[in-house]
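K.L.:
Supplied in structure tokens, the structure appears directly below.
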């Protein structure tokens with residue numbers, strides 16, 4: 008355990024020494040037997056400082072501690088022992104990076120963090136992470152744009168994870184102010200020692216969260232890297248004539264929306280709407296994975312999904328619409344389009360995405376509607392298609408030929424897809 012004197016702890020927390028002396032007086036900072044303090048107590052100081060800066064008066068905060076049973080002791084145990092501070096100021100770190108140092112302001116902003124003061128000394132782990140991050144992206148991207156893109160994605164992803172983790176914890180554990188995160192739902196009693204992870208599961212969950220993120224990052228990196236390496240090898244072998252090229256099929260985008268979501272929210276409340284949104288995400292992920300697609304994002308009352316080709320999009324979307332109906336949720340309507348897709352920072356853009364969205368808007372309840380480019384040259388047994396005709400869609404200059412897709416009829420004979428607007432049904 009790393010221990011600090013009170014002035015050293017004030018420097019660690021970047022807080023005035025009188026604040027720490029006051030926290031000792033009100034029982035929130037407790038010295039170790041040797042009179043020093045646990046380095047993790049810097050988190051307690053930072054939290055107290057944030058409370059005061061939010062507008063809460065110091066007297067009111069003292070009342071909460073001494074009269075309402077509130078405490079911050081557990082906060083300090085939710086974080087790993089901080090490493091020592093760097094010997095360099097932040098200004099010196101920026102200077103050492105040369106022109107790359109000018110990017111740190113934008114990187115911190117993209118991460119969702121305040122840039123350190125020039126005379127501040129960063130923690131050694133922060134300095135290593137920031138310097139390494141800025142340096143590696145400067146090497147591969149002299150234009151200086153990639154670092155901010157990646158920093159923004161990382162910051163948003165980890166912020167959402169932190170918020171979601173604590174939102175669910177608050178919902179199921181029902182902690183109270185005096186329990187310092189410990190579960191207080193019926194049947195639970197407050198631990199005798201709130202700073203003991205063996206008694207206060209909130210502290211244990213913080214360690215589990217860190218371990219989960221590190222493990223999941225490694226596994227996700229491995230999976231994504233393997234997929235890209237396989238693709239690179241296949242392309243090289245195809246160019247060398249050693250491997251037959253796969254049939255060229257454009258990627259596909261599917262939008263699935265829920266009918267009556269707004270009215271349901273008005274009638275049953277926001278909690279019911281949030282529950283339905285969670286169900287939709289879970290069902291979408293279940294349907295997407297077997298087809299090699301991915302859930303790009305949740306849109307409240309809908310989901311946007313990306314697939315390697317149209318057949319996988321159709322199979323997954325039909326499956327999802329059926330799952331939604333079986334779950335008793337508001338009925339779904341879906342649109343699918345295939346074509347060029349621009350992928351940027353994990354999101355998808357382009358005319359294909361817009362077309363799929365417009366098609367979903369005109370689909371009826373429990374309907375999966377596709378544009379004719381999706382229907383052409385599909386493998387046998389993908390689906391049965393029912394012609395809708397040419398439809399004017401907002402934002403598109405010409406009418407678009409649309410078909411409604413249903414589960415394949417295994418007994419139906421294969422028929423060629425005709426020109427747009429034919430009245431025949433076709434099984435692809």
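In this note's numbering, the protein residues as written are 8 to 435.
Yeah, the Cβ is synthetic: ideal placement off N, Cα and C, and Gly gets one too.
These figures come from a predicted structure and were not determined experimentally.
#1: Under the DSSP definition of a beta bridge, which residues are partnered with residue 45?
#2: Would you kindly work out how many angstroms separate the C-alpha atoms of residue 419 and residue 227, rounded to a whole number?
#3: Please list the terminal residues of the continuous alpha helix (DSSP H) segment that includes residue 445.
#4: Exposed or buried, what is residue 221 when buried is set at 16 or more other beta-carbons lying within 10 Å of its beta-carbon?
#5: What is the DSSP secondary structure of residue 351, counted as helix, strand or coil?
#6: Can you tell which of 95, 394 and 310 has the C-alpha that lies nearest to the C-alpha of residue 132?
#7: May I ask you to report which of helix, strand or coil DSSP gives residue 374?
#8: So, using beta-carbon positions, are residue 181 and residue 78 closer together than 8 Å?
#9: Tell me, please, which residues DSSP counts as bridged to residue 413.
#10: Can you tell which of 410, 109, 55 and 101 has the C-alpha that lies nearest to the C-alpha of residue 126?
#11: Is the stretch 21 to 32 close to the stretch 48 to 55, with three or more CB pairs under 8 Å?
#12: Buried or exposed, going by whether 16 or more other CB atoms sit within 10 Å of the CB of residue 83?
#13: Residues in the same chain with beta-carbon distance under 6 Å from residue 93, minus the five sequence neighbours each way, listed in chain order, please.
#14: Residue 243 to residue 321, Cα distance in whole Å?
#15: Could you pull out every residue in the same chain whose Cβ sits closer than 8 Å to the Cβ of residue 114, ignoring the five residues on either side in sequence?
#16: Start and end of the beta strand (DSSP E) containing residue 301?
#17: Determine the burial state of residue 394: buried for a count of at least 16 other Cβ atoms within 10 Å of its Cβ, exposed for fewer.
#18: Cutting at 6 Å between CB atoms, please list the residues of its own chain near residue 245, excluding the five before and the five after it.
#19: Which residues does DSSP list as the beta-bridge partners of residue 309?
#20: Does DSSP classify residue 92 as helix, strand or coil?
#21: Applying the 10 Å Cβ sphere with the 16-neighbour rule, what's the burial state of residue 342?
#22: When DSSP labels each residue in this structure, what does residue 112 get in the three-state scheme?
#23: Spatial neighbours of residue 107 within its chain, please: C-beta separation below 8 Å, excluding the five flanking residues on both sides.
#24: Among all the DSSP beta bridges, which residues are the ones paired with residue 72?
#25: What residue range does the beta strand (DSSP E) around residue 342 cover?
#26: Where does residue 105 land, buried or exposed, given buried means 16+ other C-beta within 10 angstroms?
#27: Enumerate in chain order the residues of its own chain whose CB-to-CB distance from residue 14 is below 7 Å, with the five nearest sequence positions on each side excluded.
#28: If I'm right that residue 16 touches residue 44 with Cβ under 8 Å, what's the distance once you round it to whole angstroms?
#29: First and last residue of the alpha helix (DSSP H) that includes residue 230?
#30: For the structure I just gave you, are there three or more beta carbon pairs, one from the stretch 289 to 305 and one from the stretch 362 to 381, closer than 8 Å?
#31: Taking only the alpha-carbon atoms, compute the straight-line gap between residue 75 and residue 191 and give it to the nearest angstrom.
#32: Helix, strand or coil, according to DSSP, for residue 119 in the structure here?
#33: Under three-state DSSP, which class holds residue 130?
#34: Taking 8 Å as the cut-off, decide whether the C-beta atoms of residue 413 and residue 391 are in contact.
#35: Leaving out five residues on either side along the sequence, give the residues of the same chain with a beta carbon under 6 Å from the beta carbon of residue 257.
#36: Please determine, among 311, 327, 62 and 162, the residue with the shortest C-alpha to C-alpha distance to residue 117.
P.N.:
With the structure as the only source:
#1: In the DSSP assignment, the residues bridged to residue 45 are 10.
#2: Any reading at residue 419 is ruled out, since the residue's pLDDT is 39, under 50, leaving its predicted position unreliable.
#3: No information on residue 445 is available, as it lies outside the stretch 8 to 435 that the chain covers here.
#4: Burial is judged here by how many other beta carbons sit within 10 angstroms of a residue's own beta carbon; residue 221 has fewer than 16 and is exposed.
#5: Strand at residue 351.
#6: Measuring C-alpha to C-alpha distances from residue 132 to each of 95, 394 and 310 identifies 95 as the nearest.
#7: Here DSSP, grouped into helix, strand and coil, assigns residue 374 to strand.
#8: Between residue 181 and residue 78, the gap from beta carbon to beta carbon reaches 8 Å or more.
#9: Checking the DSSP bridge columns, you'll see residue 413 partnered with 391.
#10: The residue among 410, 109, 55 and 101 with its C-alpha nearest the C-alpha of residue 126 is 101.
#11: Three or more Cβ pairs closer than 8 Å define a contact, and the stretch 21 to 32 meets that threshold against the stretch 48 to 55.
#12: By the C-beta density criterion, residue 83 is buried, having at least 16 other C-beta atoms within 10 angstroms.
#13: Excluding sequence neighbours, residue 93 sits near 128, 129, 131 and 134.
#14: In this model, residue 243 and residue 321 are separated by some 30 Å (Cα to Cα).
#15: Within the same chain, and ignoring the five residues on either side of residue 114 in sequence, the residues whose Cβ sits closer than 8 Å to its Cβ are 137, 140, 141, 154, 155 and 158.
#16: For residue 301, the uninterrupted beta strand (DSSP E) run begins and ends at 301 to 305, by DSSP.
#17: Buried, because 16 or more other Cβ atoms sit within 10 Å of the Cβ of residue 394.
#18: The residues are 252.
#19: In the DSSP assignment, residue 309 is bridged to 264.
#20: Residue state for residue 92 is assigned as strand, using DSSP reduced to three classes.
#21: Taking all protein chains shown into account, residue 342 has 16 or more neighbouring C-beta atoms within 10 Å of its C-beta and is therefore buried.
#22: Residue 112 falls in the helix class under three-state DSSP.
#23: Taken in chain order, the residues that qualify are 141, 142 and 145.
#24: According to DSSP, residue 72 bridges with nothing at all.
#25: That run of the beta strand (DSSP E) goes 339 to 345.
#26: Per the 10 Å Cβ criterion, exposed.
#27: So the qualifying residues of the chain are 24.
#28: In this structure, residue 16 and residue 44 form a Cβ contact; the two beta carbons are roughly 5 Å apart against a cut-off of 8 Å.
#29: In the DSSP assignment, residue 230 falls within the alpha helix (DSSP H) that extends over 208 to 246.
#30: The stretch 362 to 381 and the stretch 289 to 305 do not touch, with fewer than three beta-carbon pairs separated by less than 8 Å.
#31: Approximately 16 Å, taken between the alpha carbons.
#32: Assigned with DSSP and collapsed to three states, residue 119 falls in coil, not helix or strand.
#33: Reduced to three states, the DSSP call for residue 130 is strand.
#34: Contact: yes.
#35: Excluding sequence neighbours, residue 257 sits near 345 and 346.
#36: Check the Cα spacing between residue 117 and each of 311, 327, 62 and 162: the tightest is with 162.
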